[in-house]
Each structure stands twice: as C-alpha cells, then as structure tokens.
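The next block holds one structure in the form of structure tokens; read it before the comments.
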Amino acid sequence: MPSTTLPKPLAHRTRRERNRAEMRTAILDAARAVMRENGVAALNLNQVAAIIGIKTPSLYEYFDGKLALYDALFRFGFELFAERMNRVLENTQTWQESLRNAMETYMQFALDYPELYQLCFERPVPGFVPSEESMRVSLALLESSTARVEQFMRESGGWLGLTPAQVNDLGIAMMHGLTAQHLANEPHLPMGKGRYGSLIPAALALFQAAWNNSNQTSRPRLHGH
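Convert by adding 5 to the 1-based position in the sequence shown; the result is the number in the working numbering.
And the structure:
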C-alpha cells in the first residue's frame, strides 16, 4: 500500500527553496540600503555581502552579478509601483480623479523608495539594460494606463487631436517632471509641499482647461451664433 506521507526529498527541497528565497530577499534589501546611502550607480557587492554577513563570492549563488541584481531590483520596483498604482486607480470614476491619483502616487512612491524610483524611471546605471522579463512588467503597466486613457477618451470625447498613447505619455511626462524637480530641490518635503510638490493641482487645472477647450471647439456651432 503506497505511503500517504510527503516524501522527505520533496520536503527538503521545499525548505531549501524557501531558504533561498529568503536569502534573495535579504540581498535585495541590503542592495537597496547601499543604493540609498551611496547612490544607485554606486552599488557595491562587497558592502551588500557585509550587511548580510556572507562572503562576496556567495552572492553569485543567488545572482549572476551586479547587473542581475539591478535587474531583480528593477522588476521588484515596478511590481511594487504597479501594485500601488492599480490600488489607487481601481475605483476611480473620472479621468480627473485618475490623473490626480496617478500623479500623487508617483510622487509618493519616489519619496518612499528613492532608490527604486531612480532605477525604474531614470537611467542612473551606465550599461544596465533591463531583461525582457523585467521589461514586460513595465510595459504591462504602460499598456494598462494607455487603455484606461483610451476608455476615458471614448466616454468624454477627443483631447486636442492626440491619440490615447500621446495623452498617456503627456501625463507621464508631467508627473515625472514635477517629481524629479521635487526630489532634486526639496526631497525633505512631503508630497503636496514645496515649489514643485505643490504644483499637482495646477497641472490638473492645465489638463482640465485643455480638455474643456478641445470639447468646446469640437462642438457644432448653431446658426446665427
């Protein structure tokens, strides 16, 4: 009669996989600490290994090298950002609300995780190119936001003759510009404060004015007016 107990080799393998996952997480956390302290491009494997108490060559059992570590952090950053963004946009009803939530979430993410923000949304590391697997996470978020814009445009009308992708890119450029300026000038201030952190309402007003103008000019004129 066959045994119903879990085979020991499988149990051992599961435990080993769990330990490996925990070590990878510890390495990623240590790498983020080093990047926050020294800058994203100054990631040092010797420092990472020292933080978690292992020899530097042992890192290569978990990551092929520094670029592989950057790639894992890039993917983790986008997964974390996508989780935040999807949560705040889940129940929004208007494009105005969606844009405000997106801009605020983007800036808050940069303030909470400056090292991940820089790695994901800027180019601080010479020679680093994300893998196809990691880029799929990024592109999925871009496609999702473009689809949301397209839906709002179908419901609300055109927008200065731009395509949904162009409108989405314009929104990304605006929120990145404000966030980058805020971090460069007043990173100690919270979102909504300072020269650039306080300009999100003004940016929304510009989009609203452009939308109003676009819809007014597209309406047919009545005779005699």
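Just so it is clear, CB atoms sit at the ideal spot from N, CA and C, and this is done for glycine as well.
Taking each of 94, 52, 121 and 165 in turn and checking the Cα distance to residue 108, the smallest one comes out for 94.
Under the criterion of beta carbons closer than 8 Å, residue 174 and residue 135 do not qualify as touching, at roughly 19 Å.
At least 8 Å separates the beta-carbon of residue 87 from that of residue 57. The stretch 181 to 195 and the stretch 136 to 143 do not touch, with fewer than 3 CB-CB distances between them shorter than 8 Å. With a cutoff of 8 Å on beta-carbon distance, residue 82 and residue 50 are scored as not near each other. The Cβ atoms of residue 126 and residue 89 do not sit closer than 8 Å to each other.
No Cβ-Cβ contact shorter than 8 Å links residue 154 with residue 130. Less than 8 Å divides the Cβ of residue 183 from the Cβ of residue 205.
Between the beta-carbon of residue 32 and that of residue 64 there is about 6 Å, and that keeps the pair under the 8 Å contact cut. The residue among 178, 199 and 185 with its C-alpha nearest the C-alpha of residue 212 is 178. Counting only residues of its own chain and dropping the five nearest sequence neighbours on each side, residue 202 has a CB closer than 8 Å to the CB of 112, 183, 187, 191, 194, 195 and 196.
Around the beta-carbon of residue 156, fewer than 16 other beta-carbon atoms lie within 10 Å, marking it exposed. Spanning the alpha carbons of residue 53 and residue 84 requires a straight line of approximately 22 Å.
Check the Cα spacing between residue 128 and each of 79, 118 and 92: the tightest is with 79. Taking 8 Å as the cut-off, the Cβ atoms of residue 164 and residue 103 do not count as close. Annotation for residue 68: 74 place their beta carbon closer than 6 Å to its own, counting only its chain and skipping 5 residues before and after.
In the structure shown, residue 71 falls within a helical segment according to DSSP collapsed to helix, strand and coil. Residue 169 is not a Cβ neighbour of residue 41, given a cutoff of 8 Å. Residue environment for residue 37: buried (at least 16 other C-beta atoms within 10 angstroms of its C-beta).
Within the stretch 99 to 142, no beta strand (DSSP E) run of at least 3 residues lies entirely inside it. If you ignore the 5 residues before and after residue 45, its C-beta comes within less than 7 Å of the C-beta of 120, 123, 124, 129 and 130, all in its own chain and listed in chain order. A distance below 8 Å separates the beta carbons of residue 161 and residue 100.
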